[in-house]
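Input: a single structure, listed below in structure tokens.
Numbering (this note's numbering), first residue to last: 22 to 325.
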């Protein structure tokens, strides 16, 4: 059994459930139901009632590690989940990955049509930054913190991060990539947003430069581990377990860690990245990193 199941399992589960419940309430409050012409319905369908919420959990766990501001961290958690949800809506479109199943449900463009799904993604992207920049009457978040959180999120979602990674992914169909190029693609497409989740949580509190450096290393290792495990699960689990179409990357002739390295070497790499993440936490000098450590274990040992 994995470490995350054997060390403080009950307390960790309680923390996760409390954090997830609070995040769902906040998302329900932030995502409108009355946006015009069915736009609110599409937005809420895409982001509410589904998903692992790993990115919000990383924000809140990192915030706990630095004993930061809970209200700021919750806004950051919701913002990063909105960016993640928008990216999934757009990635699933016929012009991108052309998928019909997400989180065990029809994808947004199947449910609402391509045009409304595209607009819902656009609106969620904008809403993420609206959540991070509340009026003074609604929040005590300092403007400097608002700016820092917006910067971290924008850089992770744009050309240097998620969008750039997706561009490489689309250009790589049918190509033979070496491990270095594959790592760069997935670092951008998946890893950077997970890393930013950690750093956004840390930004809500106080930490030394050394601690922040090692938290960034933790986030980078965890982000790559997540993608390696995703590639493994894509060929070892079925669609019912994954909640999305299994074997999609293989069918589309996309390079993955399994296709480039092989299944067993990919599994070994996931374990190596987990070890790197734990070492980074140990080097941070922070004493409240249990939730981050257990989340790293959960990422590698998950089944969907």
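Glycine included, every Cβ here is placed at the ideal spot set by N, Cα and C.
Fair warning: this is a prediction, and the values are worked out from it, not measured in the lab.
Asked: Which runs of the alpha helix (DSSP H) fall wholly inside the segment 57-98 and span at least 4 residues, in chain order?; Found: 60-68, 75-86
Asked: For residue 123, does the three-state DSSP call read helix, strand or coil?; Found: strand
Asked: For residue 313 versus residue 219, is the C-beta distance shorter than 9 Å?; Found: yes
Asked: Using the rule of at least 16 other Cβ atoms within 10 Å of the residue's Cβ for burial, across every protein chain shown, is residue 253 buried or exposed?; Found: buried
Asked: Check whether the Cβ of residue 83 lies closer than 8 Å to any heavy atom of the ligand MG, and answer yes or no.; Found: Looking at this structure, you won't find the ligand MG or any other ligand, since it has none at all.
Asked: Using a Cβ-Cβ cut-off of 6 Å (strictly less than) and excluding sequence neighbours within five positions of residue 287, which residues of its own chain qualify?; Found: 249, 253, 278, 279
Asked: Which term fits residue 89, buried or exposed, when burial requires 16 or more other beta carbons within 10 angstroms of its beta carbon?; Found: buried
Asked: With burial defined as no fewer than 16 other Cβ atoms inside 10 Å of the residue's Cβ, what is the status of residue 134: buried or exposed?; Found: exposed
Asked: Near residue 85, which residues of its chain fall below 7 Å by C-beta distance, leaving aside the five closest residues on each side in sequence?; Found: 309, 312
Asked: Kindly indicate which residue of 215, 117, 251 has the alpha-carbon position closest to the one of residue 324.; Found: 251
Asked: Please state the DSSP three-state secondary structure of residue 10.; Found: In the structure displayed, the chain extends from 22 to 325; residue 10 sits before or after that span and is not available.
Asked: Applying the 10 Å Cβ sphere with the 16-neighbour rule, what's the burial state of residue 305?; Found: buried
Asked: Let's see if you can read the secondary structure: which residues bound the alpha helix (DSSP H) around residue 152?; Found: 135-153
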